[in-house]
Amino acid sequence: MEYQEFIEKLLEKISDRLGDNVSAEIVSRQKANGTRKEAISFKDKEKDPQPILYTEQIYQQFCLGWTLEACAGYALEIYHKAQESKVAGNLWEWNCVKDKVELCILKEDWNREFLQDVPYKSYLDLAIYCRVILDREERQIASTAVNYSMLQAWSITEEMLWEAAFDNFKEEKFLINNMENLLVQIEEKGGGSLPTECFVITNRDYIYGAVGILRTDILEGLSDLLGCNFYILPSSLHEIILLSDQEEKDAETLRKMVREVNQEIVGKEEWLSDQIYYYRHKSGKVEVCA
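Per the numbering used here, the sequence shown starts with residue -2, numbered consecutively.
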């Protein structure tokens, strides 16, 4: 069954099992880097807001052998669980959500349309914006980007939003993994190797973890430990790669590698940038490599 036919039949199955006050429809939602994804949008006459359920992953499960009934049941399970979220139920109450506001980053030039309705700060060639975490499980989150309409509903200023977001960011936990351990299996299969001093930084969810590039305290600590500066490669929206500059490297070669990985491996909606960056210990700052 082709994808379009699948989501239409999935919608029928879901609609048959919803209550009288709830309806569902297929919508196209804007994602990062000018991409769009189809999703099922729920509407409840008595409750607002309602969750958006992206169908691509469910279709993947269908292709792996799930029945249409199983897919519909799984979708409804996610919907009902979202309904139980305390944050979602109090989304319009600032005091209930301010501790759930987290920072995210994306490429500014690639996301002009998205950023029109979203408070953001420019950083190098990137844009920092905020998301509210509605629900969190292991390596899974439900979230929504903060827009100007939300600020009005919360009766807060942008300054108040940024203050809460950066306060939360200071407490956010990030992981540093040595790439040598992650690449063992690849190298055993005949793949290339990276330098020993190569690290991945992400967050505890492994989702939107590339925002760790803003944690110069973490970069400084690693730089102190190893006694070097770092090249920073934008692996995806979810993680960044740090390369020690102790071994000679060519910036243009690294930049070419990032662009090739973007084109051949990482989905467009998960691209972070096509540039590479450099952390300089002496200044304590990240800069775009010339």
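Note that CB positions come from ideal geometry on N, CA and C, so glycine has one too.
**Report entry** Nonlocal neighbours in the same chain, by C-beta distance under 6 Å from residue 189, ignoring five residues either side
**Finding:** Locating residue 189 in the sequence shown gives position 192, where the first residue counts as 1. With a pLDDT of 43 at residue 189, under the threshold of 50, the modelled position of this residue cannot be trusted, and the question is left open.
Query raised in the report: In terms of residue numbering, what span does the alpha helix (DSSP H) encompassing residue 71 cover?
Result: Along the sequence shown, one-based indexing puts residue 71 at 74. For residue 71, the enclosing alpha helix (DSSP H) stretches over residues 65 to 80.
Query raised in the report: What are the residues that DSSP puts in a beta bridge with residue 100?
Result: Numbered from its first residue, the sequence shown carries residue 100 at position 103. Its beta-bridge partners are 127.
Query raised in the report: Mind checking residue 120: buried by the 16 CB within 10 Å criterion, or exposed?
Result: Here residue 120 is taken as the residue at index 123 of the sequence shown, counted from 1. It is exposed - the Cβ of residue 120 has fewer than 16 other Cβ atoms within 10 Å.
**Report entry** For residue 28, three-class secondary structure by DSSP
**Finding:** Residue 28 sits at position 31 when you count from the first residue of the sequence shown. Shown here, residue 28 sits in coil according to DSSP, grouped into three states, outside any helix or strand.
**Report entry** Simplified DSSP assignment, three categories, for residue 251
**Finding:** Position 254 of the sequence shown, counting from 1, holds the residue named residue 251. In this structure, DSSP gives residue 251 a helical state, which the three-state scheme calls helix.
Query - Residues that DSSP places opposite residue 298 in a beta bridge - result: Coverage of the chain is limited to positions -2 through 287, which leaves residue 298 absent and any answer about it impossible.
Query raised in the report: The alpha helix (DSSP H) spanning residue 199 covers which residue range?
Result: To locate residue 199, count along the sequence shown from 1; it is residue 202. Residue 199: not part of any alpha helix (DSSP H); member of the beta strand (DSSP E) spanning 195 to 200, first to last residue.
Query - Through-space distance from residue 48 to residue 39, alpha-carbon basis - result: Stepping through the sequence shown from its first residue, residue 39 is reached at position 42. Stepping through the sequence shown from its first residue, residue 48 is reached at position 51. Residue 39 and residue 48: Cα-Cα distance of roughly 6 Å.
**Report entry** residue 165 - DSSP class collapsed to helix/strand/coil
**Finding:** Position 168 of the sequence shown, counting from 1, holds the residue named residue 165. Secondary structure of residue 165 (DSSP, three-state): helix.
Query - Assigned secondary structure, residue 287 (DSSP; H/G/I helix, E/B strand, else coil) - result: Taking the sequence shown and counting its residues from 1, one reaches residue 287 at position 290. In the three-state scheme derived from DSSP, where H, G and I count as helix and E and B as strand, residue 287 is classed as coil.
Report task. To the nearest angstrom, report how far apart residue 145 and residue 8 are at their CA atoms. Result -> Position 148 of the sequence shown holds residue 145. Position 11 of the sequence shown holds residue 8. Taking the straight line from one Cα to the other gives about 31 Å.
Query raised in the report: With a Cβ-Cβ cutoff of 8 Å, do residue 11 and residue 37 count as a contact?
Result: The residue given as residue 11 occupies position 14 in the sequence shown. The residue given as residue 37 occupies position 40 in the sequence shown. In this structure, residue 37 lies closer than 8 Å to residue 11 by Cβ.
Query raised in the report: In chain order, which beta strand (DSSP E) runs of at least 3 residues are fully inside the segment 204 to 271?
Result: Whole beta strand (DSSP E) segments, 3+ residues: 227 to 233, 236 to 241.
Query - Beta-carbon gap between residue 248 and residue 273 smaller than 8 Å - result: The sequence position of residue 248 within the sequence shown is 251, counting from 1. The sequence position of residue 273 within the sequence shown is 276, counting from 1. Contact flag set, yes.
Query - Identity of the residue in 78, 53, 81, 79 nearest residue 68 by Cα - result: For this step, residue 68 is matched to residue 71 along the sequence shown. Selection 78, 53, 81, 79 evaluated against residue 68 yields 53 as nearest (Cα-Cα).
Query raised in the report: Which stretch, first to last residue, makes up the beta strand (DSSP E) that contains residue 33?
Result: Residue 33 sits at position 36 when you count from the first residue of the sequence shown. First-last of the beta strand (DSSP E) with residue 33: 33 to 41.
**Report entry** CB of residue 107 within 8 Å of CB of residue 150, strictly
**Finding:** The sequence position of residue 107 within the sequence shown is 110, counting from 1. The sequence position of residue 150 within the sequence shown is 153, counting from 1. Going by beta carbons, residue 107 and residue 150 fall outside the 8 Å limit.
Query raised in the report: What do you get for residue 170, buried or exposed, if any count of 16 or more other CB atoms within 10 angstroms of its CB means buried?
Result: Here the question's residue 170 lines up with position 173 in the sequence shown. Flag for residue 170 reads exposed.
Query raised in the report: What's the call for residue 283, buried or exposed, on a 16-neighbour Cβ count within 10 Å?
Result: The count along the sequence shown starts at 1 and reaches residue 283 at position 286. By the neighbour-count criterion, in which a residue is buried when 16 or more other Cβ atoms sit within 10 angstroms of its Cβ, residue 283 is buried.
Requested in this report: Would you kindly work out how many angstroms separate the C-alpha atoms of residue 24 and residue 244, rounded to a whole number?
Outcome: For the purposes of this step, residue 24 is taken as the residue at position 27 of the sequence shown. For the purposes of this step, residue 244 is taken as the residue at position 247 of the sequence shown. Here the C-alpha atom of residue 24 lies approximately 49 Å from the C-alpha atom of residue 244.
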